[in-house]
Amino acid sequence: MPEKSAPEIELIRAAYAAFNARDIDAALALMTPDVAWPKAFKGGFVRGTEEVRAYWTQQWSEINPHVEPIAFYPEDAGQVLVEVHQVVHDLTGAVLADEHVGHRYTIEHGLIQTLEICPPPLSGH
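Residues are numbered in the numbering used here as their position in the sequence shown, beginning at 1, plus a constant of 10.
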């Protein structure tokens, strides 16, 4: 793993930890004010930290997702592809999804600018 990518990877790790802890303020502090974030279960994007806050608040009232980064693949132009193990439960605890997905982050000025959902990297799973 290239040394130069360490701050970006720590930033992304902190974002997953905050998301999984449902600490919206800590997660939003890691994003640019005009962040573009995918509405994974609805389609489309929200833009800006307040729209992300509203989206997550609604999402967590309907489902209980947990996302764990497995591997990080630094790319060009401030992008990092992350292999993620995503487990989504409904509010009664039943598993709705248990899968590996790819999350491609674009980092600007040390903050998360965009997240795109993509196929997971081929890591032998």
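In this text, a Cβ means the ideal position worked out from N, Cα and C, and glycines have one as well.
Name, in chain order, the residues that DSSP records as bridge partners for Tyr65.
-> Within the sequence shown, numbered from 1, the residue matching residue 65 stands at position 55. Paired residue(s): none; Tyr65 is not in a bridge.
Cβ separation of Ala16 and Ala28, assumed to be a contact under 8 angstroms, to the nearest whole Å | Within the sequence shown, numbered from 1, the residue matching residue 16 stands at position 6. Within the sequence shown, numbered from 1, the residue matching residue 28 stands at position 18. About 19 angstroms; that fails the 8 angstroms criterion.
Please state whether DSSP places Glu93 in a helix, a strand or coil.
-> Reading the sequence shown from its first residue, position 83 is the one you call residue 93. It is a strand residue.
Hey, out of Glu61, Arg114, Ser71 and Ile127, whose CA is closest to Thr102's CA?
-> As a first step, residue 102 must be located in the sequence shown, where it is residue number 92. Closest by alpha carbon: Ser71.
Taking all protein chains shown into account, do 16 or more other C-beta atoms lie within 10 angstroms of the C-beta of Leu132, making it buried, or fewer, making it exposed?
-> Residue mapping note: residue 132 aligns to position 122 of the sequence shown, counting from 1. Residue burial annotation: Leu132 is exposed, with fewer than 16 other C-beta atoms found within 10 angstroms of its C-beta.
Pull up the distance between the alpha-carbon of Val97 and that of Gly112, whole angstroms please.
-> If you number the sequence shown from 1, residue 97 lands on position 87. If you number the sequence shown from 1, residue 112 lands on position 102. Distance between the alpha carbons of Val97 and Gly112: 13 angstroms.
Opening and closing residue of the alpha helix (DSSP H) in which Pro17 lies = One-based indexing of the sequence shown puts residue 17 at position 7. Looking at the DSSP string, the run of the alpha helix (DSSP H) that includes Pro17 is Ala16 to Asn30.
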